[in-house]
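Numbering (this note's numbering), first residue to last: 3 to 995. We put the beta carbon where it would ideally sit given N, CA and C, even for glycine. Predicted, not measured: the structure shown is a model, and the values here were computed from it. Report on the structure given below.
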Amino acid sequence: MAAAHEVGVKWYPLLDTEQTAARELLTIVKDQSFAAMQAILATLKFGRAPAVKKDDEVDREAIKQIASLRDDAKKQMKDLTEKWCQRTAESFLSDFDILRPQVEKLGDIVQQFLAAYQVAKRKRAVLDFSDLEHYAIELLGTPDAQGVFHPTEIAAHYRQKFAEVYTDEYQDTNKVQETLLSLVAQPEGTDSGGNRFIVGDVKQSIYRFRLAEPELFIDKYQRYPTTAGPTGYRIDLSQNFRSRSNIIKTTNALFAQLMDERFGEIAYDEDAALKLGASYPPLPGNEAAQLAAEATEIILVEGDFKTDELEPETYVGSNHEKEAEIVARRIKALKEEKYQVYDGKKGAYREIDYKDIVILARSMTQADIYERVFQKYELPLYATTNNGYFESIEVMTMMAVLKVIDNPYQDIPLAAVLRSAIVGLSEEELAQIRLADTKGYFFDALRADVAETSPYQAKLALFVERLERWRQQAHQATTAELIWQIYEESMYYDYVGGLIGGRQRQANLRALYDRANQYEQTSFRGLFRFIRFIDRLQVKGKDLGTAKSLGENDNVVRMMTIHKSKGLEFPVVFVVGLGKGFNRQDINSAELVDKTYGFASVLTQLETRTKQPTIAQYAFRCKQLKELQAEEMRVLYVALTRAEEKLILVGSCKQYAKTMTKWASTRHFSDIVLPEYIRSSAMTYLDWIGYAFSRDASFVAFSGADVDGRNYPMDETPIISWQKEDTLITKDSVAQSSSHDWLMAAQTATPLEAVDVSLAVSTLLDYQYESQEATGIPSKTSVTEVKRRLAERELAESAPYGEELTPISLERPKFLQAKKLQANEIGTAMHSVMQQVPLTTTPTLASIATLLEALVAKKIMTQAEVNVINVEAIVAFFASDLGRLVLTHRTRREVPFMYLIDASDVYETQTNDQTIVQGIVDCLIETEAGLIIIDYKTDRIVGDWIEVEETYREKYRVQLALYAKAIEAASNRPVIAKYLYFFDGGHVSEVSA
């Protein structure tokens with residue numbers, strides 16, 4: 003309230019009267035009835051502001067500030083009146099009578115769903131994470147009538163077993179987890195004072211959306227003394243060993259003004275404030291340079307531009323685009339000025355690397371914008387995204403090519419391909435094509451124009467020729483093969499590699515090939531279906547993240563969410579998107595849930611088809627908004643405390659001049675903590691930062707507005723550097739030299755006549771890999787592949803010269819055959835059963851049948867697989883001498899192995915490389931003398947066994963020999979016998995070395 007001499011006798015009585023009425027309203031809200039509050043709200047009126055004449059001796063700036071605050075108060079009163087004075091208290095309460103049966107019905111439905119859900123989970127023998135917690139509580143605790151859990155015998159056992167119970171990140175626990183911990187730990191107040199050791203920082207509790215309850219931490223923080231006692235005590239670890247002094251000062255100055263117990267859920271007092279613990283040597287340069295290097299930068303992006311005010315080569319991008327441009331330029335400036343960061347391992351300063359920089363954002367929804375901007379500035383960026391892939395120009399171009407191959411009578415995709423680098427026509431040439439046929443399809447015009455003689459005829463003729471070939475290939479090859487053929491013939495893959503961000507662009511094209519290949523592995527195949535699949539993804543808004551050409555461990559700038567950065571630290575931190583409003587989608591929902599107060603909903607009147615908010619909704623929304631703002635304040639705290647040496651804050655604000663005036667209003671308050679109504683009015687991080695640091699001396703010179711008042715009353719103030727960025731985005735922000743012949747040639751697709759290539763470049767271009775032969779040898783192969791290659795080698799050595807004739811198959815076509823399992827599928831099914839047969843008793847027909855039913859019920863096997871199982875053959879095996887050996891000794895089944903062999907043993911190569919052979923032994927029996935290998939076979943025996951046994955034995959000799967070598971090497975025990983067991987006929991064949 004301004005003094006009378008500041009505002010004059012005309013204003014003072016008016017303000018005094020209105021302030022008295024406001025205080026009376028607050029008293030009634032706290033102490034009296036709802037009706038009394040309505041009565042005073044209805045009668046509360048704001049008088050007309052007195053006019054101030056030119057010759058009045060008053061503080062006009064003070065009156066201007068007071069008028070602004072008074073306007074805000076009038077708006078708030080109007081909102082309160084509209085919300086609370088339209089209905090009586092009885093009318094509000096009557097809503098509950100109407101809603102009660104609806105909510106009770108909803109509760110019944112939820113209970114029925116939960117019961118059915120539990121039954122379904124039990125049937126499938128699965129649990130979710132919530133089950134693990136709640137079943138653990140059932141085992142450890144028994145609730146009394148008040149819902150307090152008391153330890154069971156199991157919990158008492160663990161209380162005696164555990165000497166101490168440690169909990170890290172305690173600020174992110176919830177009531178369920180706290181109950182579990184309290185049941186297995188000694189209770190507070192015992193002789194030992196309890197045995198829990200809890201570590202956490204409530205200012206970093208940022209997981210309320212995962213049901214974290216920071217109130218649990220705050221309760222103990224406020225109850226526990228700082229000296230040892232029976233109820234426990236607290237140790238404040240406030241020293242920060244990460245950040246420079248100015249970052250500590252910045253964080254303390256900001257949150258000392260914002261956080262208290264009413265708003266922020268904890269006071270940012272002397273105990274909570276950060277203390278400098280890190281020790282950095284002085285930065286290079288003079289004192290002014292050191293201060294500038296260490297200063298916290300606040301970069302404000304002005305967004306108030308009209309389209310008709312712009313230059314032809316500029317445009318107004320979104321706030322995220324402009325912020326990305328600013329961040330990219332600032333990073334380039336840091337690199338160019340060789341900004342110094344301290345290397346703790348070397349104990350010295352060094353030039354900044356890209357990996358020293360991180361960009362933190364509240365969410366990653368705009369990461370694709372940063373990727374595009376950073377490509378333009380040739381800056382390496384790693385960001386995990388879920389969008390932006392289909393918007394990349396190279397993917398859009400390739401999808402247009404595929405659409406034209408599928409159906410060339412699509413004008414827009416065809417024009418896109420012709421205009422792209424794949425064909426390279428200009429806009430004038432496209433217009434010339436259309437003139438060849440102004441009424442038909444563009445493809446008809448193109449074919450008509452090809453017949454004419456034109457300067458670009460060669461380009462069109464080549465494209466038409468390729469298009470015909472690609473269309474034919476689309477019917478003969480897979481979509482993935484077609485895509486790679488287009489890359490090679492058009493050289494588009496190589497072309498994009500030469501553009502800015504070429505590595506990323508090529509990764510996107512490789513990803514398109516990979517996704518086509520994956521699609522072909524499904525039952526849906528063909529170019530048309532693949533195109534429709536991609537179109538449906540785009541229509542549903544299900545974009546894909548751009549392919550990653552860089553890893554987060556490379557020398558790259560990283561971009562991540564503030565949540566993901568928790569626990570990490572970086573020399574230079576950009577916090578972006580600070581002007582974006584808090585996400586209030588949940589609290590604006592028609593239905594709200596609160597763990598303390600229950601459920602609130604809008605009132606829906608079916609008869610009148612209207613909806614209206616209820617008093618419960620108002621209350622829930624108010625409470626949850628306060629919790630949301632407290633959570634967002636902690637998120638901001640986490641972001642700022644990730645920085646080690648340099649902190650740069652970037653945000654966009656509309657109505658720039660008005661915003662500066664709004665922030666400057668806080669300079670009239672003398673307390674360190676800002677008034678609650680100021681803090682609660684902020685709906686962006688930037689407003690909190692602006693309200694707080696407008697009280698810094700640096701703001702006065704920066705804002706350009708008529709700023710008076712006082713700076714914040716703090717002993718240690720940070721170095722703040724304010725910057726305003728209103729530079730519009732130019733259509734080609736990064737200048738590229740066009741004076742080089744090679745660049746002009748690349749842009750016009752003209753061959754170079756002569757090029758002077760440096761020795762370093764020619765060495766790279768002429769490089770030949772010295773172990774080229776080794777590239778054809780896989781690092782790992784299977785036993786089956788080894789057997790096949792050795793068989794091919796023997797066949798090549800023994801076969802007579804000439805072409806081998808393949809017998810003609812007279813089988814019915816596959817589409818006319820009944821669906822049945824292939825031989826390899828039958829073999830797999832038999833092996834699965836042999837792996838599951840219990841070895842405790844001799845299997846019978848009945849026990850195998852029971853086993854098969856169980857395997858189907860557990861979805862380990864399908865009914866179709868079970869139908870082909872030869873149960874009699876399995877029983878016959880276990881009745882044989884070999885089967886009894888399995889039942890009476892320690893037996894292992896499906897034993898995997900890897901074994902290193904010389905590549906020359908398998909492949910025709912002169913190298914000394916080795917390859918890993920991978921396989922699985924069906925059955926391994928351990929005896930005192932050594933190991934016995936059994937390999938099951940489902941081959942159909944053709945001919946008399948005595949005559950064909952040697953043939954089958956030779957077929958698998960190499961395989962079993964490899965098995966024996968691998969098992970001997972792994973177990974250091976000899977393999978004394980190797981057997982083949984053929985289920986067809988129950989034949990046993992021993993394979994010698």
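Taking the C-alpha atoms as reference points, what is the distance between ILE936 and ASN974?
-> 19 Å
Cα-Cα separation, THR940 to ASP907 = 28 Å
Hey, would you say LEU638 sits closer than 9 Å to LEU256, going by beta carbons?
-> yes
Could you pull the start and end residues of the beta strand (DSSP E) that LYS566 belongs to?
-> Looking at the DSSP string, LYS566 is not in any beta strand (DSSP E); the run it does join, the alpha helix (DSSP H), is 564-567.
Starting from PHE984, trace the alpha helix (DSSP H) both ways and give me its first and last residue.
-> No alpha helix (DSSP H) contains PHE984, which is instead part of the beta strand (DSSP E) from 977-984.
Any idea what DSSP makes of HIS322, helix, strand or coil?
-> Judged by DSSP in its simplified three-state form, HIS322 adopts helix.
Report all residues from its chain with a CB closer than 6 Å to the CB of VAL406; omit the five preceding and five following residues, and keep chain order.
-> PRO415, LEU416 and VAL419
Leaving out the 5 sequence neighbours to the left and right, which residues in its chain are closer than 6 Å to PHE48 when beta-carbon positions are compared?
-> LYS76
Per DSSP, which residues does LEU933 bridge with? Please list them.
-> GLU928 and VAL977
What is the rounded straight-line gap between the Cα of ARG212 and the Cα of ARG538?
-> 32 Å
Which residue spans inside the region 150-196 form an unbroken alpha helix (DSSP H) run of at least 4?
-> 155-163 and 177-186
Burial state of GLU799 (16 or more Cβ within 10 Å) = In this prediction, GLU799 has a pLDDT of 45, which is less than 50 and means its spatial position is unreliable; what the coordinates show is noted afterwards. GLU799 comes out exposed.
In the structure shown, what three-state DSSP assignment does ASP271 receive?
-> coil
Under 8 Å by Cβ, that's how I've got LEU185 and PHE219 pegged, so tell me the actual separation to the nearest angstrom.
-> Contact between LEU185 and PHE219 is ruled out by a C-beta separation of about 19 Å, above the 8 Å threshold.
Coarse secondary structure for TYR137, derived from DSSP in three states | In the structure shown, TYR137 sits in a helix (DSSP, three-state: H, G or I).
Following the continuous alpha helix (DSSP H) through TYR119, name the residue where it begins and the one where it ends.
-> Boundaries of the alpha helix (DSSP H) harbouring TYR119: 91-126, taken from the DSSP string.
Which two residues bound the contiguous beta strand (DSSP E) that contains TYR901?
-> 892-904
Mind checking whether LEU46 and LEU27 have CB atoms under 9 Å apart?
-> yes
Does the distance from the C-beta atom of LEU511 to that of VAL425 stay below 9 Å?
-> For the pair LEU511 and VAL425, the CB atoms are not nearer than the 9 Å cut-off.
Backbone CA spacing between TYR803 and ARG505 [nearest angstrom] = For TYR803, the predicted model reports a pLDDT of 34, less than 50, meaning its position is unreliable and no value from the coordinates is stated.
Please state whether DSSP places PRO573 in a helix, a strand or coil.
-> strand
Which two residues bound the contiguous alpha helix (DSSP H) that contains ASP537?
-> 529-541
Distance between THR786 and LEU469 (C-alpha atoms, nearest Å) | 41 Å
Alpha carbon to alpha carbon, how far is GLY945 from LYS816? Give it in angstroms, no decimals.
-> With a pLDDT of 49 at LYS816, under the threshold of 50, the predicted position of this residue should be treated as unreliable, though the coordinate-derived value follows. Whole-angstrom Cα-Cα distance: 28 Å.
From ILE2 to GLU272, what does the alpha carbon distance come to, in whole angstroms?
-> Shown here, the chain extends from 3 to 995; a query on residue 2 therefore has no answer.
Per the contact definition of three or more C-beta pairs closer than 8 Å, is the region 324-344 in contact with the region 594-610?
-> no
Terminal residues of the beta strand (DSSP E) in which ASP345 lies = 342-345
Mind checking ALA820: buried by the 16 CB within 10 Å criterion, or exposed?
-> For ALA820, the pLDDT reaches just 49, beneath the cut-off of 50, and the residue's location in the model is therefore unreliable, although a value from the coordinates is still provided. Answer is exposed; the Cβ neighbour count stays below 16.
Locate the alpha helix (DSSP H) running through LEU847, then write down its first and last residues.
-> 847-859
Anticipated Cβ contact below 8 Å, LEU95 with ILE721, distance rounded | So it is not a contact: roughly 56 Å between Cβ atoms.
Could you check the C-alpha separation between PRO284 and GLU646 for me, to the nearest Å?
-> 14 Å
Sequence-distant residues of its chain with Cβ nearer than 8 Å to VAL888 (five each side left out) = Excluding positions up to five away in sequence, the list reads LEU841, PHE880, CYS925, ILE927 and ILE936.
If you scan the region 595-643 from start to end, which runs of the beta strand (DSSP E) of 3 or more residues do you find wholly inside it?
-> 600-603, 605-607 and 612-614
Quick check: the region 562-572 against the region 356-375, are there 3 or more CB pairs under 8 Å?
-> yes
Residue environment, LEU688, which counts as buried when at least 16 other CB atoms sit within 10 Å | Buried, since its Cβ has 16 or more Cβ neighbours within 10 Å.
GLN459, enclosing alpha helix (DSSP H) - first and last residue | Counting along the chain, the alpha helix (DSSP H) containing GLN459 begins and ends at 459-478.
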